[in-house]
Amino acid sequence: MNAPHKYLIKGVSVLGRPKTDLLIQDGVVAEGDAKGAEVVDADGLVALPGLVDLHTHLREPGREDAETVESGSRAAALGGYTAVCAMANTSPVADTAGVVEQVYRLGREAGLVDVQPIGAVTVGLAGERLAELGAMATSAAAVRIFSDDGHCVSDPKLMRRALEYVKAFGGVIAQHAEEPRLTEGAQMHEGEVATRLGLTGWPAVAEEAIIARDVLLAEHVGSRLHVCHVSTAGSVEVLRHAKARGVRVTAEVTPHHLLLTDERATSYDPVFKVNPPLRPASDVEALRKALKDGVIDIVATDHAPHAVEDKECEWAYARPGMLGLETALSITLSVLGEDWDLIAERMSRAPARIAGLDGHGHDPVPGAPANLTLVDPAARRVVDPAESASRSRNTPYAGMTLPGRVVATFLRGTPTVLDGKAVK
Amino acid sequence: MKHLLSAADLDAATATLVLDTAAEMASLAGREVKKLPTLRGRTVVNLFYEDSTRTRISFEAAAKRLSADVINFSAKGSSVSKGESLKDTALTLQAMGADAVVIRHPASGAPHRLATWVEGSVLNAGDGTHEHPTQALLDAYTMRSRLGRLAGLKVAVVGDVLHSRVARSNVALLATLGAKVTLVGPPTLIPVDLRTEVCYDLDSVLSDTDVVMMLRVQRERMNDSYFPSEREYARRYGLDGPRMRKLPEHAIVMHPGPMNRGMEIAPEVADSARSTIVEQVANGVSVRMAVLYLLLGGKS
């Protein structure tokens, strides 16, 4: 092994502050002698703490044709991420210590981001009995977030037990809020567009009813709750109310719910099919506002790669989900503007806190772990699906011009991205 | 006009052109030789993913009367998991040189997808709960021939609007052509935000309506709690003799078929002089001839 490299990031603006130089050495942001350091010209670039994604589908094991831990890690690094939380709905499901350890190990081997596995709440995501949550918590993967994402833990008793049980090891339940009886056969947001297109509606109340129930359950048992992909104005109001009461609840919003509306379904192109579905502009507006004022804590991608055949088909037969890792920062930037401190909070510090990832979410200042990303805010790029590092191509942003570009990403002092390209 | 995917895509001029052309086609039906040479050498594929003998036969008759070669491709039974994808089927039809594909499919929007994969014209013959544009055209044709006009007509569309592609196409087309539509049915079967007049009480609309269009109600809907029982549905929303007698003298009763006699429509009504149900079938062939002619033959 070569001795760890030294890097001098010259003329960078840390979170929009005046220009400075950052020395990266021995895995931390250092002070001292920069002699012999490799210089990274960061004129015009902004340094952010490495982004943390609380909601990533890496598809391995099971659907390696759509994504692998390695390809997803590469997409993440290119998007400015240094850590991603891998959802449990793989095949086999990540509901045992064995599977979460496998994913954890694959992440280590890829070495592009820290891959933190999420464990399933129930065996096989079936919503019937608890998976061995404790075994996953004490495994090498040290799982702290548990989620049946893709499915809702809809049984109230089971949800209560899960919320209570994970208190023993500081866990949190991340709920996919969708009352299944209200969304049978649902294809898109229930509203004017769905009516016109003849697609079965997914009503906002199906999400809001579960969030309302869950915040009351979390309050009742004194547990932490995290709400995945909040998509409606009504959900925001439920969360606002719960937070005002002191309920320990956090919430995420996806980039696509911040940018796209249900009008996109008019093409019947399933690249716009996602769960929860794209909502009308009034919801998008409420989500943007909630992200700014903190009712929604974080941006999480819900990066969901799908093979071509699962999207090049009829809308009703397509799988829901869209890519997100490589575009999330640009979209957040377009929504929040160049408020770098707020972006760092919503995309790095807060998700790191929720996930309990102590080495992440620290501003790149001397003494901090060198998990950081450098962004060129002046750059504009046109999204080309063929350029994605993901194995899949199902980005809903094809052809759109987005602001900002990740120039470099460092994971514990080692570059994973340089000059906008993955190092390996 | 390249494709006919949705009645909502038709402007008033185009829709009127289809109806006028259909009238010319209808005049053929009285001749001894019912065939025109217009589409000789052109290939029309009927691609049916759902059973629908009446619609398929209607399209087949229409294409044959225009001298087109017709290929019937019944894709039913080739499930999505086991069978060929729609895209691969589209490429196959493309390779065979289909000039037009008439598609009936259980998934809303399938014709729109198909249109992105083939070079020929795509005709929507009913997609999921979305649209059935030629049905709306033949309904408009029927209304116009019976009542002499469309603008200003009061049309009540009664029944399971939520799941009805016929209703969606009719609402769109009739609005374009200046008729006034009222949707009637239980609130559970009226979709949100269709931007049309809604009434939950059938009796209150009958005395002031020119057309009553009864929709087929699937008995399965009962099991999904859209309404409590067939009997209650028939009592509240079925068109029976006493209700029919509340209609103005000139009013007509339509049904796209197949009917559930005794459920949404009483036999007495279906077989009455007001009923246009058999006429609708005959008009279907003329309207489909007109559409095929305008899509394939109109320009050459």
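Line by line, the protein sequences give chains A and B.
Numbering of the first sequence is given in UniProt numbering, commencing with residue 1 and proceeding in unit increments.
Numbering of the second sequence is given in UniProt numbering, commencing with residue 1 and proceeding in unit increments.
No residue lacks a Cβ here, since even glycine has one placed at the ideal position from N, Cα and C.
Residue span of the alpha helix (DSSP H) that contains residue i, given as start and end
i, result
"SER71(A)", "69 to 78"
"PRO415(A)", "Per DSSP, PRO415(A) belongs to no alpha helix (DSSP H); it is in the beta strand (DSSP E), 414 to 418."
"GLY234(A)", "233 to 244"
"PHE59(B)", "53 to 65"
Endpoints, the beta strand (DSSP E) within which residue i is located
i, result
"SER74(B)", "69 to 74"
"HIS226(A)", "225 to 227"
"ASN112(B)", "Just to set this straight, residue 112(B) is His in the shown sequence, not Asn. That residue, HIS112(B), is in no beta strand (DSSP E); its alpha helix (DSSP H) goes 110 to 117."
"MET254(B)", "252 to 254"
"LYS246(B)", "Neither: LYS246(B) is in no beta strand (DSSP E) and is coded neither H nor E."
"residue 425(A)", "Here chain A has residues from 1 to 424 only, and residue 425(A) is not among them."
"THR182(B)", "180 to 184"
"GLN175(A)", "172 to 175"
For residue i, three-class secondary structure by DSSP
i, result
"GLU131(B)", "strand"
"TYR104(A)", "helix"
"SER34(B)", "It is Lys, not Ser, that sits at residue 34(B) in the sequence shown. Of the three classes helix, strand and coil, the one that applies to LYS34(B) here is coil, per DSSP."
"ASN124(B)", "strand"
"SER6(B)", "coil"
"ASN371(A)", "coil"
"ARG381(A)", "strand"
"GLN218(B)", "coil"
"TYR7(A)", "strand"
"ARG196(A)", "helix"
"HIS256(A)", "helix"
"SER13(A)", "strand"
"VAL157(B)", "strand"
Short CB-CB distance (under 8 Å) between residue i and chain A
i, result
"ARG65(B)", "no"
"ARG288(B)", "no"
"HIS3(B)", "no"
"GLU220(B)", "no"
"GLY126(B)", "no"
"SER108(B)", "yes"
"PRO191(B)", "yes"
"SER121(B)", "no"
"HIS112(B)", "yes"
"LYS34(B)", "no"
"ARG165(B)", "yes"
"THR14(B)", "no"
"LEU93(B)", "no"
"ARG216(B)", "no"
"LEU295(B)", "no"
"SER79(B)", "In this prediction, SER79(B) scores a pLDDT of 45, lower than 50, which makes its location untrustworthy; the coordinate-derived value is nonetheless stated afterwards. Answer no: the Cβ-Cβ gap between SER79(B) and chain A never drops below 8 Å."
Chain B contact for residue i (CB, 8 Å cutoff)
i, result
"TRP202(A)", "no"
"TYR268(A)", "yes"
"CYS313(A)", "yes"
"ALA316(A)", "yes"
"LEU199(A)", "yes"
"GLY191(A)", "yes"
"GLU263(A)", "no"
"THR395(A)", "no"
"THR232(A)", "no"
"GLU309(A)", "yes"
"THR183(A)", "no"
"THR195(A)", "yes"
"GLY246(A)", "no"
Residue i versus the options, residue with shortest Cα-Cα distance
i, options, result
"ALA316(A)", "ALA95(B), HIS112(B), ASN260(B), ASP20(B)", "HIS112(B)"
"PRO61(A)", "LEU78(A), ARG74(A), ASP95(A)", "ASP95(A)"
"ASP114(A)", "MET136(A), LYS421(A), VAL193(A), GLY72(A)", "GLY72(A)"
"ILE190(B)", "ALA115(B), GLY238(B), LEU162(B)", "LEU162(B)"
"GLY41(B)", "VAL198(B), ASP99(B), GLU232(B)", "ASP99(B)"
"GLU32(B)", "VAL18(B), MET1(B), ARG65(B)", "ARG65(B)"
"SER169(B)", "GLY159(B), CYS199(B), HIS130(B), ALA179(B)", "HIS130(B)"
"LEU4(B)", "GLU249(B), SER121(B), GLU232(B)", "SER121(B)"
"ASP53(A)", "ARG17(A), LEU216(A), HIS229(A)", "HIS229(A)"
"ASP41(A)", "ARG17(A), GLY11(A), GLY50(A)", "GLY11(A)"
"THR53(B)", "GLY262(B), MET289(B), PRO258(B)", "PRO258(B)"
"GLU268(B)", "PRO256(B), GLN280(B), MET244(B), PRO248(B)", "MET244(B)"
"SER286(B)", "ALA12(B), ASP11(B), LEU17(B), LYS87(B)", "LEU17(B)"
Which residues DSSP lists as bridging residue i, in chain order
i, result
"ASP53(A)", "VAL84(A)"
"GLY119(A)", "PHE146(A)"
"VAL45(B)", "ILE71(B), VAL101(B)"
"GLU38(A)", "TYR7(A)"
"LEU133(A)", "DSSP lists no partner for LEU133(A)."
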